[in-house]
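Residues in the sequence shown are numbered consecutively from 291, following my numbering. We treat Cβ as the ideally placed atom computed from N, Cα and C, and that holds for glycine. Computed from a predicted model, the values in this text were never measured in an experiment. Worksheet for the structure shown next.
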Amino acid sequence: MNYKVFLLSLIYCLSSYGQEGNKSTGLSDAEFSYAVEEYAKMTKTDTWLEYHKVLVKFSELMGDAMLAAQPDWRDKEEFKQWVKQNLSKTKCKTIEEAFLIVDDLDAHAQKVHEENKELHELMRKATAKQLLKIWQPLAELAIQNK
């Protein structure tokens with residue numbers, strides 16, 4: 291995993307998880323320990339490894355332009371507009387190619403989520419500080435493969 295992929299992962303995760311509202315106080319010690327362990331296990335599953343391959347391809351095709359703009363690729367209309375305006379800044383040859391890779395990424399992300407529902411619920415309750423610890427395997431992967 292390179293740093294671009296790590297940053298895309300981090301942006302996606304921060305926009306998807308973390309305290310919902312100000313009522314949450316984060317995870318209990320037991321929940322936090324469990325989430326850390328389960329996240330590390332998840333990153334070794336075939337489903338997550340396939341997701342990661344697609345994320346790397348997505349990162350390579352979108353390049354630095356996406357990191358700079360940070361469009362929400364999960365919002366199809368926003369992403370469609372961004373691609374139309376920035377296709378020349380990506381490595382995609384057509385708008386359709388960009389949509390195919392984002393659809394593939396979305397399908398893989400949904401599969402990871404479905405297979406790890408309890409973990410994802412815990413991550414929604416976690417504080418930003420807890421999330422950074424839970425996601426430690428991502429940082430380690432980025433450092434190993436710079």
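Practice task
Using 10 angstroms around the beta-carbon of residue 366, count the other beta-carbons present and answer buried if the total reaches 16, otherwise exposed.
Solution key: Here residue 366 corresponds to residue number 76 of the sequence shown, with the count starting at 1. Exposed, by the Cβ-count rule.
Exercise for the section: Rank 338, 335, 372 and 402 by C-alpha distance to the C-alpha of residue 352 and give the top, closest one. Expected result: In the sequence shown, residue 352 corresponds to position 62, counting from 1. When each option's Cα is compared against that of residue 352, the closest is 372.
Practice task
Mind checking which residues open and close the alpha helix (DSSP H) that includes residue 365?
Solution key: For the purposes of this step, residue 365 is taken as the residue at position 75 of the sequence shown. Taken as a continuous stretch (DSSP letters only), residue 365 belongs to no alpha helix (DSSP H), as it is neither H nor E.
Handout entry: residue 406 versus residue 423: straight-line alpha-carbon distance, rounded
Key = Residue mapping note: residue 406 aligns to position 116 of the sequence shown, counting from 1. Residue mapping note: residue 423 aligns to position 133 of the sequence shown, counting from 1. Cα-Cα distance, rounded: 18 angstroms.
Problem - Helix, strand or coil at residue 318 [DSSP, three-state] - result: By 1-based counting over the sequence shown, the position of residue 318 is 28. If DSSP states are grouped into helix, strand and coil, residue 318 belongs with coil.
Handout entry: Closest Cα partner of residue 389 within the set 370, 324, 323 and 427
Key = By 1-based counting over the sequence shown, the position of residue 389 is 99. Looking at the Cα atoms, 370 is the closest of the given residues.
Practice task
State the start and end residues of the unbroken alpha helix (DSSP H) segment that holds residue 419.
Solution key: By 1-based counting over the sequence shown, the position of residue 419 is 129. Looking at the DSSP string, the run of the alpha helix (DSSP H) that includes residue 419 is 418-424.
Problem - C-beta contact flag for residue 340 and residue 398 at 8 angstroms - result: One-based indexing of the sequence shown puts residue 340 at position 50. One-based indexing of the sequence shown puts residue 398 at position 108. The answer is yes: Cβ separation under 8 angstroms.
Handout entry: Residues near residue 321 by beta carbon distance below 7 angstroms, same chain, minus five either side
Key = Numbered from 1 along the sequence shown, position 31 holds the residue referred to as residue 321. Cβ within range, chain order: 412.
Handout entry: Given residue 338 as reference, the closest of 401, 385 and 381 once Cα atoms are compared
Key = For the purposes of this step, residue 338 is identified with residue 48 of the sequence shown, where counting begins at 1. Residue 338 has its Cα closest to that of 401, out of 401, 385 and 381.
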